[in-house]
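What follows is one structure encoded as structure tokens, with my remarks underneath.
Number of protein chains: 2
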Amino acid sequence: MTLSNPLPRRASLHEQTYQTLRTSILSGELAPGDRLVETQLATQLEVSRTPIREALRQLQREGLVAVDTSGGLRVISVSVSDAVHLYDCRIALEQAAVREACLHASDRTLDDLQQSIAQSERAVQRAASTLNTFEMLNLDYQFHRKIAESTGNPWLTDLLDQVFDKMMLLRVQTTRHNPRVLDICREHRQICETIATRDAATAIAAIESHLNASKVRVVTALEALQPSSSTDV
Amino acid sequence: MTLSNPLPRRASLHEQTYQTLRTSILSGELAPGDRLVETQLATQLEVSRTPIREALRQLQREGLVAVDTSGGLRVISVSVSDAVHLYDCRIALEQAAVREACLHASDRTLDDLQQSIAQSERAVQRAASTLNTFEMLNLDYQFHRKIAESTGNPWLTDLLDQVFDKMMLLRVQTTRHNPRVLDICREHRQICETIATRDAATAIAAIESHLNASKVRVVTALEALQPSSSTDV
DNA sequence: GAAGCGTATACTGTATACAATAGACCCTCT
DNA sequence: AGAGGGTCTATTGTATACAGTATACGCTTC
């Protein structure tokens with residue numbers, strides 16, 4: 001008799017703490033600019049400071065938190081120019097992603113991609129009034145992430161994850177109304193179809209158009225929030 | 001009487017430890033596959049385990065070390081397919097970098113870039129027999145990094161830094177002979193000149209050509225080291 | 001009221017202790 | 001000789017203690 005599955009490993013406290021803090025930041029519960037105080041977090045999460053410190057070091061390296069002038073850590077704040085810069089990075093990486101997806105994605109993967117768009121559409125129609133911003137942004141990024149994954153390039157996926165995290169922060173900072181949900185699903189479907197044709201040039205043009213439109217929308221929203229920033233830019 | 005400079009802040013042990021470990025990994029002193037044992041590192045660096053753990057968490061998030069099946073940390077090992085994938089990411093990001101550099105780099109910055117190429121050439125000619133691999137790769141990556149910096153996009157620079165680190169690891173793994181040093185400086189000069197013309201399409205073509213040549217060289221070298229990998233790919 | 005100083009408290013950086021787990025080594029049995 | 005079990009040692013995960021630094025608050029002086 002052989003046992004086919006090893007016993008499940010319980011996630012370490014440090015790992016659980018990391019996930020909790022990361023989700024809290026990306027959902028906006030810990031807001032940009034908030035100071036992260038080890039002793040308070042340790043009390044709230046009912047762990048010692050050790051897993052807090054270790055999780056914060058990882059979040060620091062990810063760029064989601066940064067040291068302030070007094071040595072304390074704060075959630076980063078994403079400015080208009082950050083938004084532009086992040087979109088530039090994103091466009092570069094996602095163009096590479098769709099090009100590689102045209103070359104390497106299996107038919108099975110493309111089917112999965114189509115399925116997940118359909119699921120997103122159904123989820124959005126069923127729950128349009130109850131999905132919060134975090135959840136809807138997650139649907140958006142999950143689509144893009146699946147394309148990256150379909151390239152078989154884990155480094156590309158990891159780099160894009162970092163960009164998506166910061167854009168999540170940005171979008172949480174800006175979104176007081178729902179993104180144009182059905183439009184986005186339609187654009188996703190269009191991108192997926194161009195990938196399925198295996199025509200890299202068309203797919204690249206489609207993703208670029210999609211992201212440039214998104215860039216304009218987000219940057220405009222950010223500038224509307226911060227009139228003084230727009231005059232500085 | 002006012003004092004114009006604050007007192008210098010000494011780097012924390014955690015920060016010093018991080019830099020030491022990172023340099024040891026990138027120089028090959030801690031080799032790919034080596035296990036990183038907290039207690040031993042703490043003894044060697046004469047600090048407690050705390051700054052070791054914190055530094056290792058950051059290196060883990062950077063992807064330079066990874067957890068093995070038993071929960072211990074090891075320096076990652078970069079395979080042929082990793083090499084290909086990293087070059088794909090690099091090409092995408094560096095094409096964006098040269099395009100933005102054509103748009104945004106100040107004339108002052110371009111002069112600085114030319115100067116640093118000249119310095120590299122002088123350093124290489126003066127010390128061709130004594131510069132080690134790490135130092136020479138550093139000169140190479142410094143050039144590329146300066147282009148990224150000239151875009152004014154800190155996120156792009158950070159993403160590229162991550163890619164460069166892993167390629168440093170890869171190159172340390174493969175380099176038993178000097179890279180073609182003078183050829184690289186000539187290619188760098190050529191890239192810099194195309195950026196100075198502010199012609200993005202030409203600059204993009206130049207960086208792509210440069211990186212594709214490098215990709216072929218490095219992948220070939222890796223495959224030569226690992227004959228079994230080439231049959232698997 | 002505002003500014004400056006002193007004190008108390010809170011926070012951060014680091015070392016150390018304890019418990020759980022992994023790995024090495026030795027002994028016994030087949 | 002090889003396999004299995006037990007014990008010892010080393011390592012990792014986590015909590016706690018201590019020292020240095022930052023911040024808040026209260027009091028005094030102008």
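Chains A and B supply the protein sequences, listed in that same order. FYI, in my numbering the residues of the first sequence are 1 to 233. FYI, in my numbering the residues of the second sequence are 1 to 233. Idealized CB from N, CA, C, for every residue including glycine. As the structure is a computational prediction, the values presented were derived from the model and not from experiment.
- Task: Could you check what DSSP says for R198 of chain B in three-state terms: helix, strand or coil?
- Result: coil
- Query: Smallest Cα separation from Q16 of chain B: which of B:E29, B:L41, B:A55?
  - Reply: B:A55
- Backbone CA spacing between T43 of chain A and I52 of chain A [nearest angstrom]: 10 Å
- Residues bridged to R35 of chain B by DSSP? B:R74
- Task: Please name the residue in A:D199, A:E208, A:T157, A:T133 whose C-alpha comes closest to that of L170 of chain A.
- Result: A:T133
- Return the chain-ordered list of same chain residues with a C-beta closer than 7 Å to the C-beta of E100 of chain A, the five sequence neighbours on each side being excluded. T151, N153
- For chain A, find out if any of its Cβ atoms is closer than 8 Å to the Cβ of D158 of chain B; answer yes or no. yes
- Task: Could I get the ranges of all uninterrupted alpha helix (DSSP H) runs contained in the stretch 56-109 of chain B, with 4 residues as the minimum, in chain order?
- Result: 80-104
- Would the beta-carbon of L36 of chain A fall within 8 Å of that of R74 of chain A? yes
- Query: With burial defined as no fewer than 16 other Cβ atoms inside 10 Å of the residue's Cβ, what is the status of G249 of chain B: buried or exposed?
  - Reply: This structure gives no information on residue 249 of chain B, because the portion of chain B shown stretches from 1 to 233.
- Query: Hey, would you say C192 of chain B sits closer than 8 Å to L113 of chain B, going by beta carbons?
  - Reply: yes
- Between the stretch 92-105 of chain A and chain B, which residues of the former have CB atoms less than 8 Å from a CB of the latter, in chain order? A92, L93, Q95, A96, E100
- Query: Are T174 of chain A and V218 of chain A closer than 8 Å when you measure CB to CB?
  - Reply: yes
- Task: Starting from S12 of chain B, follow the alpha helix (DSSP H) in both directions and report where the run begins and ends.
- Result: Careful: S12 of chain B lies outside any alpha helix (DSSP H) and carries neither H nor E.
- Do you know offhand how far L139 of chain A's Cα is from P8 of chain B's? 47 Å
- So, is the C-beta of N212 of chain B closer than 8 Å to a C-beta in chain A? no
- The alpha helix (DSSP H) with E149 of chain A in it runs from where to where? 133-150
- Query: Mind checking if C89 of chain A is an interface residue toward chain B, Cβ cutoff 8 Å exclusive?
  - Reply: yes
- To the nearest angstrom, report how far apart L225 of chain A and Q162 of chain B are at their CA atoms. 32 Å
- Message: Applying the 10 Å Cβ sphere with the 16-neighbour rule, what's the burial state of T231 of chain A?
- Response: With a pLDDT of 39 at T231 of chain A, under the threshold of 50, the predicted position of this residue should be treated as unreliable, and no value is reported.
- Message: Between E46 of chain A and chain B, is any beta-carbon pair separated by less than 8 Å?
- Response: no
- Span separating the alpha-carbon of Q115 of chain B from that of H210 of chain B: 20 Å
- Message: Is the separation between the beta-carbon of D165 of chain A and that of L26 of chain A shorter than 8 Å?
- Response: yes
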